[in-house]
Amino acid sequence: MRTREINSFKTLLLEQRSELLNRMVAFRTETLVPVGERGDEGDRATSELDLSRAVRDQERASALLPKIDRALQRLSDGSYGLCEVCEEPIGIARLKARPVATLCIACKEEQEQTEKIFA
Ligand SMILES: [Zn+2]
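Numbering that gives the first Met the number 0 puts the first residue of the sequence shown at 0, with every later residue one more than the last.
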């Protein structure tokens with residue numbers, strides 16, 4: 000991978016990371032307001048819906064954060080963009096769509112097949 004590409008993925012990942020951290024902080028400060036302080040019944044119903052959406056969002060964010068950290072680590076040690084299983088390049092197009100990808104498409108499909116069999 001060229002230095003220019005490495006730098007652009009690094010920027011992309013750092014942006015995603017700070018956006019995630021902002022959302023996680025916002026979740027703690029804005030979403031976790033005690034229900035009693037949320038106003039009347041109508042507002043409360045909406046808030047509960049928003050809350051469950053926010054919780055799902057939060058769960059996704061906390062699962063993604065370590066993946067971003069790992070991708071940044073791989074960028075600095077030079078293994079970024081190589082499949083963790085077959086060590087072939089993952090491909091720029093795939094990485095642009097999913098910068099935290101650690102498997103090439105072939106290995107990813109194989110992993111999904113295996114998960115289906117053992118699910
Ligand atoms: Zn592979």
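Note that CB positions come from ideal geometry on N, CA and C, so glycine has one too.
Between the C-alpha atoms of residue i and residue j, what's the straight-line distance to the nearest angstrom?
i: Gly80; j: Leu63; result: 17 Å
i: Glu113; j: Glu86; result: Contrary to the premise, residue 113 reads as Thr rather than Glu in this sequence. Spanning the two alpha carbons is a distance of roughly 19 Å.
i: Lys95; j: Ser7; result: 10 Å
i: Leu13; j: Val84; result: 25 Å
i: Ile89; j: Met23; result: 30 Å
i: Leu11; j: Ala100; result: 13 Å
i: Ile91; j: Asp56; result: 27 Å
i: Ile5; j: Pro65; result: 19 Å
i: Leu102; j: Ala118; result: 20 Å
If you follow the alpha helix (DSSP H) that residue i is in, where does it begin and where does it stop?
i: Met23; result: Thr2 to Ala25
i: Cys106; result: Ile104 to Phe117
What I want to know is whether the C-beta of residue i ends up closer than 6 Å to one or more non-hydrogen atoms of ligand 1.
i: Glu29; result: no
i: Val126; result: Beyond the ends of the chain as shown, which are 0 and 118, falls residue 126; an answer cannot be given.
i: Glu114; result: no
i: Glu108; result: no
i: Glu4; result: no
i: Glu87; result: yes
(request) Could I get the ranges of all uninterrupted beta strand (DSSP E) runs contained in the region 48 to 100, with 3 residues as the minimum, in chain order? (result) none
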